[in-house]
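Accompanying notes for the structure given below.
Number of protein chains: 2
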Amino acid sequence: MTIAEVSKKYDLTPDTLRYYEKVGLLSPVPRTKNGIRDYDEQSCKRIEFVKCMRNAGVEIEILIKYMTLLGKGKSTVKERKELLEEQRKKLLEKQKNINETINRLNYKIKIYEEISLGKRKDFTEDL
Amino acid sequence: MTIAEVSKKYDLTPDTLRYYEKVGLLSPVPRTKNGIRDYDEQSCKRIEFVKCMRNAGVEIEILIKYMTLLGKGKSTVKERKELLEEQRKKLLEKQKNINETINRLNYKIKIYEEISLGKRKDFTEDL
DNA sequence: TATTGACTTTGAGCTAACTCCAAGTGATAA
DNA sequence: TTATCACTTGGAGTTAGCTCAAAGTCAATA
Chain A
1 MTIAEVSKKY DLTPDTLRYY EKVGLLSPVP RTKNGIRDYD EQSCKRIEFV
51 KCMRNAGVEI EILIKYMTLL GKGKSTVKER KELLEEQRKK LLEKQKNINE
101 TINRLNYKIK IYEEISLGKR KDFTEDL
Chain B
1001 MTIAEVSKKY DLTPDTLRYY EKVGLLSPVP RTKNGIRDYD EQSCKRIEFV
1051 KCMRNAGVEI EILIKYMTLL GKGKSTVKER KELLEEQRKK LLEKQKNINE
1101 TINRLNYKIK IYEEISLGKR KDFTEDL
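Residue numbers (my numbering), protein chains in the order written: chain A, 1 to 127; chain B, 1001 to 1127.
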């Protein structure tokens, strides 16, 4: 697959794909004889994984570390597990924050709704 | 309340508090005769609100817009409601991404666990 | 043959959200 | 009185994660 195809498939710009490769998120992508990237199955899987993690806000540095461990084979399983557990912990925390904020927004929006409908003429701004 | 007290209370650095004020997230904080900030109830409420929103990743630009509308009184209720609805939509999307990623991490961690326990000697790296 | 268009590289530039620094002020402690 | 300390300001610096620009290569088309 060319970079344009992969770019379309995963909705990441070619620049971003090259950047990910440069910083070590992807093991060097195979090339044609003229040096043009020809993404294989493995590269695509990694890109999909990275995209998923990035969408959740996992830092690139962490992903580089993970990919490096992955490249070293089975001896790094324990370390990889610990790394993923740490990220999960962070995401659970983030999830909690987001849930709290959504609840707060729900409340505020409901109040504004009521004001709009004239059900609350008494409203004092409280945030 | 002094900036140091507020800083401690909300776990935000004094620099961050001054920054928030400078960019317009807080209406000018009251001062003592020597120009030292003396945070009042309203300032604290705003700080708490901003902190909650920032913890969920809501952009400062958006919050500035919201605070500006808030300052203009009841005529902006509809606009404020729309703004909050948009942010809620973004957070729901984010929540979805995070949930997906947590599920994926749970799966990976489980697999690594099994490998560690010798239950899976056959494992092929798949991400 | 000439040009188009997708690719390549290197390296600079950008944005958000802080974070830090230098220089100054004013109240309190020794 | 002198020194300390928490505060003040303006403005520069930092970090993550891209994003863009310039200059070049190569295969395919007019």
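Think of the CB as a built atom: it goes at the ideal place given N, C-alpha and C, for glycine as much as any other residue.
> Using CA coordinates, which residue listed in A:T2, A:S43, A:I47 is at the minimum distance from N34 of chain A?
Replying inline: Sequence index remark: in the first sequence, residue 34 of chain A carries index 34 (1-based). Among A:T2, A:S43, A:I47, the Cα nearest to that of N34 of chain A is on A:T2.
> Can you find at least 3 beta carbon pairs, one from the segment 1043-1063 of chain B and one from the segment 60-67 of chain A, that sit closer than 8 angstroms?
Replying inline: no
> When you check each C-beta in the segment 1075-1100 of chain B against every C-beta of chain A, which residues fall closer than 8 angstroms?
Replying inline: V1077, K1078, R1080, K1081, L1084, E1085, Q1087, R1088, L1091, L1092, K1094, Q1095, N1097, I1098, N1099, E1100
> How many angstroms separate the CA atom of I1047 of chain B from the CA atom of L1012 of chain B?
Replying inline: Position 47 of the second sequence, counted from the first residue, corresponds to residue 1047 of chain B. Position 12 of the second sequence, counted from the first residue, corresponds to residue 1012 of chain B. For I1047 of chain B and L1012 of chain B, the distance between alpha carbons rounds to 9 angstroms.
>> Using only CA atoms, which one of A:L105, A:L25, A:L117, A:K119 lies nearest to K45 of chain A?
In response: Your numbering for residue 45 of chain A matches position 45 in the first sequence. When each option's Cα is compared against that of K45 of chain A, the closest is A:L25.
>> So the candidates are A:N103, A:V77, A:S27, A:V23; which of them puts its Cα closest to the Cα of E1113 of chain B?
In response: As a first step, residue 1113 of chain B is located in the second sequence; it is residue number 113 there, counting from the start. Nearest option by C-alpha distance: A:V77.
> For the segment 53-67 of chain A, which residues have a CB atom closer than 9 angstroms to at least one CB atom of chain B, in sequence order?
Replying inline: Listed in sequence order: M53, N55, A56, G57, V58.
> From this set, B:P1028, B:R1031, B:I1109, B:V1023, which residue's C-alpha is nearest L83 of chain A's C-alpha?
Replying inline: As a first step, residue 83 of chain A is located in the first sequence; it is residue number 83 there, counting from the start. Nearest of B:P1028, B:R1031, B:I1109, B:V1023 to L83 of chain A, Cα basis: B:I1109.
>> Taking 8 angstroms as the threshold (C-beta atoms), are Y1020 of chain B and V1058 of chain B in contact?
In response: Here the question's residue 1058 of chain B lines up with position 58 in the second sequence. Here the question's residue 1020 of chain B lines up with position 20 in the second sequence. Contact: no.
> When burial is assigned at 16 or more other CB atoms within 10 Å of the CB, is S75 of chain A buried or exposed?
Replying inline: On the first sequence, position 75 is the one that residue 75 of chain A refers to. Exposed, since its Cβ has fewer than 16 Cβ neighbours within 10 Å.
> Do the CB positions of L1105 of chain B and Q87 of chain A come within less than 8 angstroms of each other?
Replying inline: The residue labelled residue 1105 of chain B in the question sits at position 105 within the second sequence. The residue labelled residue 87 of chain A in the question sits at position 87 within the first sequence. Yes; because the gap between Cβ atoms is below 8 angstroms, this pair is in contact.
> Relative to the C-alpha of E85 of chain A, which residue among B:I1102, B:K1009, B:I1115, B:D1122 is closest?
Replying inline: Residue numbering aside, residue 85 of chain A sits at position 85 when the first sequence is read from its first letter. Checking every option, the nearest Cα to that of E85 of chain A belongs to B:I1102.
> Count the other CB atoms within 10 Å of the CB of K94 of chain A; is the residue buried (16 or more) or exposed (fewer)?
Replying inline: As a first step, residue 94 of chain A must be located in the first sequence, where it is residue number 94. By the 10 Å Cβ count, K94 of chain A comes out buried.
> For R1120 of chain B, does the three-state DSSP call read helix, strand or coil?
Replying inline: The residue you call residue 1120 of chain B lines up with position 120 of the second sequence. Note: R1120 of chain B maps to coil in three-state DSSP.
> Residues in its own chain within less than 8 angstroms of D1038 of chain B by CB, not counting five upstream and five downstream?
Replying inline: Along the second sequence, one-based indexing puts residue 1038 of chain B at 38. The residues are M1001, T1002, V1029, P1030, R1031, T1032.
> Thinking C-alpha only, which one of B:V1023, B:C1052, B:R1018, B:M1053 is nearest I1036 of chain B?
Replying inline: Along the second sequence, one-based indexing puts residue 1036 of chain B at 36. Here the closest residue by C-alpha is B:R1018.
> What are the start and end residues of the alpha helix (DSSP H) that includes Y1019 of chain B?
Replying inline: Looking up residue 1019 of chain B in the second sequence gives position 19. Note, Y1019 of chain B: alpha helix (DSSP H), 1014-1023.
> At a cut-off of 7 angstroms, is N34 of chain A close to the ligand NAD when judged by its beta-carbon and the heavy atoms of the ligand?
Replying inline: Looking for the ligand NAD in the displayed structure turns up nothing, as the structure carries no ligands at all.
>> Buried or exposed, going by whether 16 or more other CB atoms sit within 10 Å of the CB of V120 of chain A?
In response: Along the first sequence, one-based indexing puts residue 120 of chain A at 120. It should be pointed out that residue 120 of chain A corresponds to Arg in this sequence rather than to Val. It is exposed - the Cβ of R120 of chain A has fewer than 16 other Cβ atoms within 10 Å.
> chain A partners of K1108 of chain B, CB-CB under 7 angstroms?
Replying inline: In the second sequence, residue 1108 of chain B corresponds to position 108, counting from 1. Per Cβ cutoff of 7 angstroms: L84.
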